[in-house]
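First the structure, in the form of structure tokens, and then the observations on it.
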Ligand code: 13P
Ligand code: SF4
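Numbering (our numbering), first residue to last: 135 to 504.
This is the structure:
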């Protein structure tokens, strides 16, 4: 099996941090004939098992297409959670990373939740170990604990609220308006963006996404100069120097919507390049340009593609359904407690559907107003 080593920051919760290493499996690349065969086999197995495929925008394009062709969904992490909860199927194959499968299990304990690869994780999840996070919470008991979806079930079990990038801004704004002080984890860039937009008092965990952290402000400025009419769309896990140049900052679904609805013909996109598959399908004729990362090929860490999202392949979908591999389990005490912040979020977005609209920025430094 071929693998890549991925370096990520591992904060201790006391302000110190170290660089840790994780691995990610590099899937075999099937031939076009093998892909077609695997896709047909996976579709037949989904039907045979009465299962539904719930996929994230960053996974392999064949898996995204298979999900849509078989009545599943391709979505952001908020919609994946809602779709999995509401769908009547008793088996969900969650193609994404582990926390997405865990969220599905927490919401639907009676369903069987399968992952194409159980080792597909996330640097934000890895970078926020439950014990260290619990100590951080214990040291700051006066703060409302708000955690990003990209965390383990055990970390969610310490939280008052869970948020995804679709609704994080609105929920923190709501809490700040109530005068609550926030303890935020784990993504420092998303946290900094929310704090600057809302003025909320936020004590931050210091985690980061290995993919979005690589986008670079200076290179983006140069690219924008080459494409002066392009709209710049940025996921808020990116650093402030990149977010500051955005016309739209938002979750994957909000960035997708910005391309579909946008009048411009060119878009520079600072998020995982797995999303280009769905963007190209839904906005044909528009030019989609990858925002620059720190390096290229051998010198970039993630090259704008999540090494763990990349572990989802059709072979994994087939194994999960045929052999029951990759079942996601969450212990009942943790599940019951982790349900609380998730349900709070879901109730909030149901009551405030307008909170899911991506904020437009409209100011681009160095080039004036957009
Ligand atoms: P979304 O909720 O915007 O899809 O983000 C999930 C994620 O992992 C981004 O890196
Ligand atoms: Fe985690 Fe980043 Fe991968 Fe999203 S892209 S799953 S935040 S490592």
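Note that the Cβ used here is the ideal one computed from N, Cα and C, for glycine as well.
When the options are compared against residue i, the one with the closest alpha-carbon
i, options, result
"residue 402", "218, 376 and 415", "376"
"residue 374", "416, 325 and 333", "325"
"residue 195", "412, 366 and 264", "412"
"residue 190", "233, 179, 142 and 269", "233"
"residue 442", "231, 479, 152 and 212", "231"
"residue 327", "145, 303 and 343", "303"
"residue 208", "408, 160, 418 and 439", "408"
"residue 254", "386, 235 and 268", "235"
"residue 180", "486, 480, 483 and 452", "452"
"residue 203", "192, 173, 215 and 224", "173"
"residue 478", "212, 333, 389 and 462", "212"
"residue 444", "198, 149 and 176", "198"
"residue 414", "404, 394 and 336", "394"
"residue 241", "283, 458 and 205", "283"
"residue 392", "422, 152 and 372", "422"
"residue 256", "493, 389 and 140", "140"
"residue 150", "206, 270, 245 and 192", "270"
"residue 368", "337, 359 and 424", "424"
"residue 192", "205, 462, 406 and 175", "406"
Opposing strand residues paired with residue i [DSSP bridges]
i, result
"residue 125", "Residue 125 cannot be examined here, being either before or after the span of the chain that is shown, 135 to 504."
"residue 339", "Residue 339 pairs with nothing; no bridge assigned."
"residue 190", "209"
"residue 270", "According to DSSP, which records beta bridges pairwise, residue 270 is partnered with nothing at all."
"residue 442", "DSSP lists no partner for residue 442."
"residue 316", "278 and 336"
"residue 424", "403"
"residue 225", "185 and 246"
"residue 155", "141"
"residue 321", "341"
"residue 368", "383 and 404"
Residue i, buried or exposed, once every other Cβ within 10 Å from all chains shown has been counted against 16
i, result
"residue 135", "exposed"
"residue 316", "buried"
"residue 274", "exposed"
"residue 354", "buried"
"residue 347", "buried"
"residue 476", "buried"
"residue 387", "buried"
"residue 484", "exposed"
"residue 218", "buried"
"residue 416", "exposed"
"residue 178", "exposed"
"residue 492", "buried"
Test item: CB-CB of residue i and residue j under 7 Å
i, j, result
"residue 228", "residue 188", "yes"
"residue 82", "residue 300", "With the chain covering only 135 through 504, there is no way to say anything about residue 82."
"residue 266", "residue 341", "no"
"residue 464", "residue 239", "yes"
"residue 293", "residue 281", "yes"
"residue 138", "residue 158", "yes"
"residue 383", "residue 370", "yes"
"residue 164", "residue 261", "no"
"residue 310", "residue 278", "no"
"residue 366", "residue 378", "no"
Alpha-carbon to alpha-carbon, residue j and residue i
i, j, result
"residue 222", "residue 184", "9 Å"
"residue 201", "residue 285", "24 Å"
"residue 296", "residue 472", "9 Å"
"residue 250", "residue 322", "29 Å"
"residue 247", "residue 155", "28 Å"
"residue 132", "residue 356", "This structure cannot settle anything about residue 132, because the visible part of the chain is limited to 135 through 504."
"residue 488", "residue 345", "29 Å"
"residue 318", "residue 291", "14 Å"
"residue 410", "residue 171", "24 Å"
"residue 455", "residue 243", "18 Å"
"residue 268", "residue 289", "8 Å"
"residue 259", "residue 142", "11 Å"
"residue 460", "residue 437", "27 Å"
"residue 161", "residue 362", "38 Å"
"residue 490", "residue 439", "25 Å"
"residue 399", "residue 364", "7 Å"
"residue 263", "residue 419", "44 Å"
"residue 330", "residue 385", "17 Å"
"residue 237", "residue 334", "26 Å"
"residue 225", "residue 397", "40 Å"
"residue 447", "residue 313", "46 Å"
"residue 298", "residue 480", "10 Å"
"residue 513", "residue 468", "Residue 513 lies beyond the residue range present for the chain, which begins at 135 and ends at 504; the question has no answer from this structure."
"residue 153", "residue 428", "18 Å"
"residue 145", "residue 339", "7 Å"
"residue 358", "residue 435", "23 Å"
"residue 343", "residue 350", "14 Å"
"residue 337", "residue 352", "28 Å"
"residue 426", "residue 182", "43 Å"
"residue 175", "residue 390", "30 Å"
"residue 272", "residue 287", "18 Å"
"residue 486", "residue 360", "39 Å"
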